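> Got a structure for you, questions after.
Protein chains in written order, with the working numbering: chain X, 1 to 270; chain S, 1001 to 1270.
Below, the structure is given as structure tokens:
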């Protein structure tokens, strides 16, 4: 029986709201967690963000996002590192459970080299995150984002990086949209046991309305969400469950109406 | 050094032409192979198709397509079987090197059961294909087609089915668009050695203009086509290489101009 105890609203789902509006609504609806995007934090500033979080009592399941490690030139690599350090600082300031890493796409038309750059970039960032007490969560993306967003497209690769770099502060974030199709998803979730730092829900609808912003709400599509949630729970993850949906049609709904729909579907289909 | 000796034009690439127009153009350009779609065969009939093929001297690399095995009701399963038998007959009649299998999407919201139905469906069809002397080629599709077109989304799964069912008439068709992102693609191509029945080329362009009809022409995107071609060659495949591109923009070009472009890009980027 699902309750709202673990529900987190990813800010990308109700994009029309700023952080203050989101927190007010979650207080009203007794939703315990939010996930914050860095551009939304920038809108009101980190001090205001921290202040409103404290007042609301709402906790932060994750900050979106760090990553984008592959870079062809040293200057770009340095910039990426510095940007990621700022993301770590923000995650620490808001007390986020995890900083989500979207690892970045292909540079120099070389997917193998780009994959290696991701591992190197995470290894480089890790000591800074450890120092700050921030957990980094590698989120494998769907293979359709391999070229431009994340060369890490399977839980298997993400698990591999975590096992190689071995740190209490490094784990994976599992989003059903990105991994549901994978015939190895069952064994890879089990393999991730002990380093699952986040779990995201939404649905795969057909026809896909848009490659980036065409996710569906839970229950409308083909993903066996409850089954995946059980596997993740069996692997020991009991933290917040984020609803993360990018969908032009849902974005046009009034925020409060969308929030009601999310609550209903979370209770019925997660 | 690439030549045109292995070039095959998949009819879906130059959709405006019927079979007769396609064959005439290939004769004129000394292109040795075509891949035929069943709806185009139906347009002029199988006898006309065979007649024009013989006159032209052009060979058929593949017939598109059989498959779509998952079905919830027995009547649907029977229909699917009968339709697949007709596809086998057509592949035999035109002397195709392979009948491509697009395995079908999810039924009953159960991806595991749907995957099992694919294996069962292929096992059921195989004796008929063996009798007819037709090779069946399982084409794993990109994971973004898992829900509605093929629950078989990795070369690993396709290889697994081939190894289980063990027949000279069962193998895989490797399309770079569907497998390029896979971190295990190298080892899976090696594993497919001896049962690779086809190789398709095109490119992954960004942004993807359309989920179904948004493929790019070779050289315009992110796929390391030459590298994959080398791997497939090393695995022993020396048959035709099909250019299969579904792209609204290319379809608007005059066929003969598009054919020139394909030839150029095939020589430069495959």
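Every residue gets a Cβ at the ideal spot worked out from N, C-alpha and C, and that includes glycine.
These numbers were taken from a predicted model, which means no experiment stands behind them.
State the Cα-Cα distance for the pair residue 1262 (chain S) and residue 34 (chain X), rounded to the nearest angstrom.
Going from the Cα of residue 1262 (chain S) to the Cα of residue 34 (chain X) covers about 50 Å.
> Cβ of residue 54 (chain X) less than 9 Å from any chain S Cβ?
no
> Measure the alpha-carbon distance for residue 55 (chain X) versus residue 48 (chain X) and round it to whole angstroms.
Distance between the alpha carbons of residue 55 (chain X) and residue 48 (chain X): 11 Å.
> Is the CB of residue 147 (chain X) under 9 Å away from at least one CB in chain S?
yes
> State buried or exposed for residue 154 (chain X), treating a residue as buried only when at least 16 other CB atoms are found within 10 Å of its CB.
buried
> Would you say residue 1110 (chain S) faces chain A, with C-beta separation under 9 Å as the test?
Absent from the structure: chain A. Protein chains present are X and S.
> For residue 1118 (chain S), I'd like the list of residues in its chain whose CB is within less than 7 Å of its CB, leaving aside the five on either flank, ordered along the chain.
1069, 1070, 1103, 1104, 1151, 1152
> Determine contact between the region 230-237 of chain X and the region 15-30 of chain X, defined as no fewer than three beta-carbon pairs at a distance below 8 Å.
no
> Take residue 193 (chain X) and list the residues in its own chain whose beta-carbon comes closer than 6 Å to its own, dropping the five residues that flank it on each side.
235, 236
> From the beta carbon of residue 1008 (chain S), is the nearest beta carbon of chain X less than 9 Å away?
no
> Anything in chain X within Cβ reach of residue 1106 (chain S), meaning under 8 Å, just list it in chain order.
222
> List the residues that DSSP assigns as beta-bridge partners of residue 1211 (chain S).
Paired residues: none, contrary to the question.
> Determine the chain S residues that contact residue 157 (chain X) at a beta-carbon separation under 9 Å, and present them in chain order.
1183
> Just reading off the alpha helix (DSSP H) that residue 1062 (chain S) is part of, what are its end residues?
Careful: residue 1062 (chain S) lies outside any alpha helix (DSSP H), inside the beta strand (DSSP E) at 1059-1067.
> Mapping the DSSP letters down to three states, classify residue 84 (chain X) as helix, strand or coil.
helix
> For a minimum of 4 consecutive residues, which ranges assigned as the alpha helix (DSSP H) are wholly contained in the region 1210-1260 of chain S?
1225-1234, 1248-1251
> Helix, strand or coil for residue 1156 (chain S) per DSSP?
helix
> What are the residues of the region 1197-1219 of chain S that lie near chain X, defined by any Cβ-Cβ distance shorter than 7 Å?
1204, 1206, 1208, 1211
> By the DSSP assignment, the alpha helix (DSSP H) with residue 1046 (chain S) in it spans what residues?
1046-1056
> For the region 1127-1134 of chain S and the region 1087-1098 of chain S, state whether three or more C-beta atom pairs, one from each stretch, are separated by less than 8 Å.
yes
> What would DSSP say about residue 24 (chain X), mapped onto helix, strand or coil?
helix
> In this structure, how does DSSP classify residue 1102 (chain S) when only helix, strand and coil are distinguished?
strand
> Under 9 Å Cβ-Cβ, which residues of chain X neighbour residue 1153 (chain S)?
Near residue 1153 (chain S) (Cβ distances below 9 Å), the residues of chain X are 143, 181, 182, 183.
> Taking C-alpha atoms, which residue in X:45, X:121, X:149 lies nearest to residue 76 (chain X)?
X:121
> Which residues share a DSSP beta bridge with residue 10 (chain X)?
Bridge partners of residue 10 (chain X): X:35.
> Taking just the CA atoms, how far does residue 1189 (chain S) sit from residue 168 (chain X)?
36 Å
> In terms of residues, what are the limits of the alpha helix (DSSP H) holding residue 1142 (chain S)?
Residue 1142 (chain S) -> no alpha helix (DSSP H), and no H or E assigned at all.
> Report the rounded CA-to-CA distance for residue 174 (chain X) versus residue 111 (chain X), giving the unit in angstroms.
22 Å
> Please name the residue in S:1219, S:1245, S:1140 whose C-alpha comes closest to that of residue 1196 (chain S).
S:1140
> Alpha carbons only, please: which of X:129, X:101, X:213, X:257 is nearest the one belonging to residue 67 (chain X)?
X:101
> Buried or exposed: where does residue 352 (chain X) fall if 16 or more other Cβ atoms within 10 Å of its Cβ makes it buried?
Nothing in the structure corresponds to residue 352 (chain X), since chain X is present only between 1 and 270.
> I need the boundaries of the alpha helix (DSSP H) containing residue 195 (chain X), first residue and last residue.
Counting along the chain, residue 195 (chain X) falls outside any alpha helix (DSSP H), and DSSP gives it neither H nor E.
> Looking at residue 267 (chain X): is its Cβ nearer than 9 Å to the Cβ of residue 13 (chain X)?
no
> Note down the Cα distance separating residue 1218 (chain S) from residue 209 (chain X), rounded to an integer number of angstroms.
Taking the CA atoms as reference points, residue 1218 (chain S) sits about 26 Å from residue 209 (chain X).
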